[in-house]
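Novice: I am attaching a structure below and will ask some questions about it afterwards.
In UniProt numbering, the protein residues as written are 1 to 261.
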């Protein structure tokens with residue numbers, strides 16, 4: 001099972017440490033296997049069980065009879081699901097711009113970011129190749145486009161995200177987006193993904209994307225998440241900071257301010 005993580009952290013200072021810790025934890029998921037068993041109780045609070053160590057873990061999940069019956073025979077017979085995690089990171093804020101300046105590398109991404117993204121592209125490619133018979137026929141073309149986009153090496157290359165997201169969905173995977181606090185840059189990221197889903201799958205005109213993003217960010221769960229975390233219904237951005245963001249990652253006027261993050 002593919003799990004694709006999308007991070008918006010800057011590869012410098014404290015956030016570099018956060019990214020390194022996150023990547024280490026994400027890669028540990030490679031040692032996790034998931035198995036399903038029929039539930040022996042009608043209790044609605046069916047709890048998974050965990051076995052093993054931090055170096056190898058098996059998760060056993062009980063399922064009600066009607067759900068267990070829908071599993072493929074291999075899983076009914078005790079087979080496990082192996083987790084394949086990949087993580088891509090693009091720093092998008094002003095600190096990402098400063099990080100490139102520090103390395104005299106203003107017109108491309110930092111080496112740390114490149115190395116991480118290239119390594120995980122290779123990992124994604126290996127997964128796609130090994131699962132080709134069970135995946136959508138357009139995935140190879142999407143992979144070629146992702147590779148071309150990734151190796152363009154332009155700064156704040158967020159163009160890789162919609163491609164990685166589309167490949168993950170075509171492969172029936174799980175998508176995760178994150179940043180430092182999971183409420184500001186993350187909100188910009190996942191609302192953009194929601195908007196692109198509407199454009200790509202529900203005949204929404206691309207010219208309406210910005211209006212859709214504004215509605216999601218002003219009225220959706222993302223602004224409520226900011227309120228729950230800070231007590232203020234606003235994203236923790238400044239106007240100057242947002243000027244350094246890629247266009248579709250900029251919060252609209254009236255939804256951001258000087259908020260503790």
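Using N, Cα and C, we set each Cβ at its ideal position, and we do this for glycine too.
Note that the structure is predicted; figures quoted are calculated from it, not measured.
Would you mind listing the beta strand (DSSP E) stretches within the stretch 129–207 that are 3+ residues and don't spill past its ends, in chain order?
Specialist: Runs of the beta strand (DSSP E) inside the stretch 129–207: 174–178.
Novice: Report the three-state DSSP secondary structure of residue 41 (helix, strand or coil).
Specialist: The answer is coil: DSSP assigns residue 41 none of H, G, I, E or B.
Novice: Just verifying my parser: in three-state terms, what is the DSSP assignment at residue 82?
Specialist: Strand.
Novice: If you compare alpha carbons, which of 155, 127, 53, 148 is closest to residue 97?
Specialist: Of the candidates 155, 127, 53, 148, the one whose C-alpha sits nearest the C-alpha of residue 97 is 155.
Novice: Which of the three DSSP states is assigned to residue 111 in this structure?
Specialist: The answer is helix: DSSP assigns residue 111 an H, G or I state.
Novice: According to DSSP, residue 262 sits in a beta bridge with which residue or residues?
Specialist: No answer is possible for residue 262: it lies beyond the span of the chain, which begins at 1 and ends at 261.
Novice: Please return the same chain residues whose Cβ sits closer than 6 Å to the Cβ of residue 177, not counting the five positions on each side in sequence.
Specialist: Within the same chain, residue 177 has close Cβ partners 6, 186, 189, 190.
Novice: Quick check: the stretch 78–90 against the stretch 111–120, are at least 3 beta-carbon pairs closer than 8 Å?
Specialist: Counting Cβ pairs under 8 Å, three or more are found: they touch.
Novice: On the three-state DSSP scale, how would you describe residue 121?
Specialist: If DSSP states are grouped into helix, strand and coil, residue 121 belongs with the helices.
Novice: Please confirm whether residue 158 and residue 249 have their CB atoms less than 8 Å apart.
Specialist: Cβ distance < 8 Å, so residue 158 and residue 249 count as in contact.
Novice: Taking the straight line between their C-alpha atoms, what separation do you get for residue 233 and residue 18?
Specialist: Cα-Cα distance, rounded: 26 Å.
Novice: What does a CB cutoff of less than 8 Å around residue 35 pick up in its chain, not counting 5 residues either side in sequence?
Specialist: Within the same chain, residue 35 has close Cβ partners 58, 59, 60, 61, 75, 78, 79, 80, 81.
Novice: Could you give the DSSP three-state label for residue 5: helix, strand or coil?
Specialist: Strand.
Novice: Smallest Cα separation from residue 37: which of 221, 48, 192?
Specialist: Per the Cα distances, 48.
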